[in-house]
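These notes are about the structure you will find just below.
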Amino acid sequence: MSAKSEIHIYILIYNHINTLFFDVAVDERELDGDLILGDIGQGLLFKAGTFDGAVNISALQWLCYASKTSHNPTKRLYRFFSTLYACLSRSARAVLQFYPENGEQVELITAQATKAGFYGGVVVDFPNTAKAKKMFLVLMTGGAAPLPKALGVENEDRQTVANSRRAVEQILA
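When you line the sequence shown up against this note's numbering, it's residues 23 to 195, in that order.
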């Protein structure tokens, strides 16, 4: 009889552009993990293949805005996705929760992720409720694979968004 054991190591890295976040994180939250002051629109500075997965919560949509005259949302998104792709292993997934303002942002985000080499799509949990609706960009490096099923959907169909304005506007409504 043999047993296979797997070792799972989770590394928490908090990346934020605002130093005030770190003050709160260190003083009040006592977070485990490393803190990196940086702008994800300038790229991620990790070695190739460092991570087997990545999670991002509520940061992606901010790359759609130009808060400085030197900021170009399309270039910043591509820089983020291309460096994310590079630092992930070839069988990795990334799940990024985001809150797009409109369908154009969803299209811009998905187009830049695809251009960087990712496969995947958008999964919408609780699509019929305004308060509970959550959008996730699910990305894969190792080729196309089924997307996870959405929560709060009565039938077995996945609530996924193709890169089309009509489908995106329907979900955002």
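Even glycine gets a Cβ: it sits at the ideal position worked out from N, Cα and C.
Q) Helix, strand or coil for Val-175 per DSSP? A) Sequence index remark: in the sequence shown, residue 175 carries index 153 (1-based). Coil, per DSSP.
**Q.** Whole-Å CB distance - Ile-58 paired with Ala-81, under 8 angstroms assumed
**A.** For the purposes of this step, residue 58 is taken as residue 36 along the sequence shown, with counting starting at 1. For the purposes of this step, residue 81 is taken as residue 59 along the sequence shown, with counting starting at 1. About 13 angstroms separates the two Cβ atoms, so there is no contact after all.
Q) Do you know how far the Cα of Ser-89 is from the Cα of Ala-166? A) Position 144 of the sequence shown, counted from the first residue, corresponds to residue 166. Position 67 of the sequence shown, counted from the first residue, corresponds to residue 89. Those two C-alpha atoms are separated by around 34 angstroms.
Q. Going by other Cβ atoms of all chains shown within 10 Å of its Cβ, with 16 needed for buried, is Gly-142 buried or exposed?
A. As a first step, residue 142 must be located in the sequence shown, where it is residue number 120. Counting Cβ neighbours within 10 Å, Gly-142 comes out buried, since at least 16 surround it.
Q | Buried or exposed by the 16-neighbour rule on C-beta atoms within 10 Å, applied to Ile-79 | A | Translated into the one-based positions of the sequence shown, residue 79 becomes position 57. Looking at its Cβ environment, which holds fewer than 16 other Cβ atoms inside 10 Å, Ile-79 is exposed.
Q.
If we require 4 or more residues per run, which alpha helix (DSSP H) segments fall completely within the segment 92 to 141?
A. 95 to 109, 125 to 137
**Q.** Per DSSP, the bridge partner or partners of Ala-60
**A.** As a position in the sequence shown, residue 60 is number 38, starting the count at 1. The question names Ala, but residue 60 is Gly in the sequence shown. DSSP, once it has assigned bridges, lists no residue as partnering Gly-60.
Q: Name the residue from Gln-127, Ser-104, Gln-119, Phe-73 whose alpha carbon lies nearest to the alpha carbon of Lys-137.
A: Stepping through the sequence shown from its first residue, residue 137 is reached at position 115. For Lys-137, the nearest C-alpha among the options comes from Ser-104.
Q | Boundaries of the beta strand (DSSP E) in which Gly-75 is found, first to last residue | A | Looking up residue 75 in the sequence shown gives position 53. Element bounds for Gly-75: 73 to 79.
Q) Cα separation between Asp-74 and Lys-153? A) Here residue 74 is taken as the residue at index 52 of the sequence shown, counted from 1. Here residue 153 is taken as the residue at index 131 of the sequence shown, counted from 1. One C-alpha to the other measures close to 32 angstroms.
Q. Near Leu-106, what residues of its chain come up, given a Cβ to Cβ distance below 7 angstroms and the 5 sequence neighbours on each side ignored?
A. As a working note, residue 106 is residue 84 in the sequence shown. Cβ neighbours of Leu-106 beyond the five flanking positions: Leu-66, Ala-76, Ala-116.
Q.
Given this structure, state the Cα-to-Cα distance separating Met-157 from Ser-111, to the nearest angstrom.
A. Within the sequence shown, the letter at position 135 stands for residue 157. Within the sequence shown, the letter at position 89 stands for residue 111. About 24 angstroms.
(Q) Does Ala-114 pass the burial test, meaning 16 or more other C-beta atoms within 10 Å, or should it be called exposed? (A) As a position in the sequence shown, residue 114 is number 92, starting the count at 1. With 16 or more other Cβ atoms within 10 Å, it is buried.
Q. Given a threshold of 16 other Cβ atoms within 10 Å of its Cβ, counted over all protein chains shown, does Ile-29 qualify as buried or as exposed?
A. As a first step, residue 29 is located in the sequence shown; it is residue number 7 there, counting from the start. Because the pLDDT at Ile-29 is just 47, under 50, the model does not fix this residue reliably, and the value given afterwards should be weighed accordingly. With fewer than 16 Cβ atoms within 10 Å of its Cβ, Ile-29 is classed as exposed.
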